[in-house]
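Each residue of the sequence shown is one higher than the last, beginning at 80 in the numbering used here. Glycine residues also receive a C-beta, built at the ideal position from the N, C-alpha and C atoms.
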Amino acid sequence: MSWQDQEVRELKENKYILIDEEPCKIVEITTSKPGKHGEAKARIVAIGIFDNQKRSVVYPTKHKVKVPIIEKKTAQILSISQSEGLFMDMETFEQFNIPIPDEFKDRAASGVEVEYWESMGKRKLMRV
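Pasting the structure below:
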(Lines of atoms letter the chains of each structure in order from A and count residues from 1; the text may use other names and numbers.)
(Lines give C-alpha, C1' and ligand atoms only; values in the text may rest on other atoms or scores of the structure.)
Protein backbone atom coordinates (compact mmCIF):
# COMPACT_ATOMS: atom_id res chain seq x y z
CA MET A 1 0.00 0.00 0.00
CA SER A 2 1.60 3.23 -1.10
CA TRP A 3 -1.12 5.65 0.02
CA GLN A 4 -2.87 6.76 3.19
CA ASP A 5 -6.32 8.19 4.01
CA GLN A 6 -6.75 11.86 4.83
CA GLU A 7 -9.77 14.15 5.14
CA VAL A 8 -10.33 16.70 2.36
CA ARG A 9 -10.31 19.63 4.83
CA GLU A 10 -6.70 18.69 5.82
CA LEU A 11 -5.39 19.00 2.25
CA LYS A 12 -3.34 22.02 1.18
CA GLU A 13 -1.98 23.41 -2.09
CA ASN A 14 1.36 21.93 -3.22
CA LYS A 15 0.54 18.66 -1.38
CA TYR A 16 -0.52 15.44 -3.11
CA ILE A 17 -3.75 13.49 -3.72
CA LEU A 18 -4.72 10.35 -5.65
CA ILE A 19 -7.22 11.04 -8.45
CA ASP A 20 -8.16 8.07 -10.66
CA GLU A 21 -5.31 6.05 -9.05
CA GLU A 22 -2.82 8.67 -10.32
CA PRO A 23 -0.63 10.66 -7.87
CA CYS A 24 -1.31 14.38 -8.43
CA LYS A 25 0.05 17.64 -7.01
CA ILE A 26 -2.69 19.97 -5.76
CA VAL A 27 -2.57 23.38 -7.47
CA GLU A 28 -5.86 24.85 -6.23
CA ILE A 29 -8.47 24.18 -3.53
CA THR A 30 -11.69 26.16 -3.22
CA THR A 31 -14.33 25.43 -0.58
CA SER A 32 -17.98 26.37 -0.64
CA LYS A 33 -20.12 27.24 2.36
CA PRO A 34 -22.41 24.55 3.71
CA GLY A 35 -25.85 24.57 2.11
CA LYS A 36 -29.25 24.51 3.79
CA HIS A 37 -29.32 20.68 3.96
CA GLY A 38 -25.74 19.72 3.20
CA GLU A 39 -22.16 20.23 4.20
CA ALA A 40 -19.31 22.29 2.77
CA LYS A 41 -17.73 21.00 -0.43
CA ALA A 42 -14.17 21.38 -1.70
CA ARG A 43 -13.17 21.60 -5.36
CA ILE A 44 -9.64 20.32 -5.90
CA VAL A 45 -7.62 20.99 -9.05
CA ALA A 46 -4.46 18.90 -9.39
CA ILE A 47 -1.85 17.99 -12.01
CA GLY A 48 -0.58 14.41 -12.41
CA ILE A 49 3.02 13.92 -11.34
CA PHE A 50 3.78 11.25 -13.94
CA ASP A 51 1.50 12.25 -16.84
CA ASN A 52 1.11 16.07 -16.32
CA GLN A 53 -2.68 15.79 -16.86
CA LYS A 54 -4.92 18.34 -15.14
CA ARG A 55 -7.70 16.78 -13.07
CA SER A 56 -10.41 18.22 -10.85
CA VAL A 57 -12.73 16.62 -8.29
CA VAL A 58 -15.37 17.82 -5.84
CA TYR A 59 -15.76 16.21 -2.42
CA PRO A 60 -17.49 17.04 0.87
CA THR A 61 -14.87 18.48 3.27
CA LYS A 62 -15.28 15.56 5.71
CA HIS A 63 -14.82 12.96 2.94
CA LYS A 64 -11.72 10.74 3.20
CA VAL A 65 -9.43 10.68 0.16
CA LYS A 66 -6.26 8.76 -0.66
CA VAL A 67 -2.94 10.61 -0.41
CA PRO A 68 -0.01 8.93 -2.18
CA ILE A 69 3.22 8.18 -0.34
CA ILE A 70 5.97 9.54 -2.58
CA GLU A 71 9.47 8.23 -1.99
CA LYS A 72 12.28 10.55 -3.05
CA LYS A 73 15.38 8.48 -3.86
CA THR A 74 18.78 8.86 -5.47
CA ALA A 75 20.21 6.80 -8.29
CA GLN A 76 23.24 6.75 -10.55
CA ILE A 77 23.01 6.74 -14.34
CA LEU A 78 24.67 3.60 -15.71
CA SER A 79 23.99 4.18 -19.40
CA ILE A 80 21.82 6.23 -21.76
CA SER A 81 20.20 5.09 -25.00
CA GLN A 82 18.13 7.64 -26.98
CA SER A 83 15.53 9.02 -24.55
CA GLU A 84 15.82 6.36 -21.84
CA GLY A 85 18.41 5.72 -19.16
CA LEU A 86 19.51 2.70 -17.17
CA PHE A 87 19.67 3.68 -13.49
CA MET A 88 20.92 2.00 -10.32
CA ASP A 89 19.32 2.87 -6.96
CA MET A 90 21.99 4.08 -4.51
CA GLU A 91 20.52 2.16 -1.53
CA THR A 92 19.14 -1.10 -2.95
CA PHE A 93 21.43 -1.30 -6.04
CA GLU A 94 18.33 -2.25 -8.08
CA GLN A 95 18.66 -1.48 -11.79
CA PHE A 96 15.76 -0.03 -13.80
CA ASN A 97 14.97 1.98 -16.94
CA ILE A 98 13.07 5.27 -16.93
CA PRO A 99 12.68 7.97 -19.61
CA ILE A 100 14.88 11.05 -19.39
CA PRO A 101 12.84 14.27 -19.78
CA ASP A 102 14.04 16.74 -22.43
CA GLU A 103 15.10 19.35 -19.83
CA PHE A 104 17.69 16.94 -18.36
CA LYS A 105 19.13 15.47 -21.59
CA ASP A 106 22.05 17.91 -21.79
CA ARG A 107 23.17 17.21 -18.18
CA ALA A 108 22.46 13.46 -18.03
CA ALA A 109 25.58 11.31 -18.49
CA SER A 110 26.93 8.00 -17.22
CA GLY A 111 28.06 8.19 -13.60
CA VAL A 112 25.90 11.21 -12.72
CA GLU A 113 23.75 11.03 -9.57
CA VAL A 114 20.07 11.91 -9.97
CA GLU A 115 16.98 12.24 -7.79
CA TYR A 116 13.89 10.29 -8.77
CA TRP A 117 10.44 9.92 -7.25
CA GLU A 118 8.63 6.62 -6.84
CA SER A 119 4.92 6.23 -6.09
CA MET A 120 2.17 3.74 -6.96
CA GLY A 121 4.66 1.57 -8.87
CA LYS A 122 5.80 4.42 -11.14
CA ARG A 123 9.09 6.31 -11.28
CA LYS A 124 10.03 9.72 -12.64
CA LEU A 125 13.36 11.52 -12.92
CA MET A 126 13.09 14.81 -11.01
CA ARG A 127 16.59 16.32 -10.69
CA VAL A 128 20.03 15.83 -12.29
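Query	Result
Identify, in the order they occur along the chain, each residue of the same chain with its Cβ nearer than 7 Å to the Cβ of arginine 206, setting aside the five sequence neighbours on each side.	Val193 and Glu194
Using the rule of at least 16 other Cβ atoms within 10 Å of the residue's Cβ for burial, across every protein chain shown, is leucine 157 buried or exposed?	exposed
Is the beta carbon of glutamate 101 less than 9 Å from the beta carbon of arginine 122?	no
Tell me whether the beta-carbon of isoleucine 53 lies closer than 9 Å to the beta-carbon of valine 136.	Only positions 80 to 207 of the chain appear in the structure, and residue 53 is not among them; the question remains open.
State the Cα-Cα distance for the pair glutamate 163 and leucine 204, rounded to the nearest angstrom.	11 Å
Assign aspartate 99 to one of three DSSP states: helix, strand, or coil.	coil
Check each candidate in Lys104, Tyr138 and Met199 and name the one with the smallest Cα separation from lysine 112.	Tyr138
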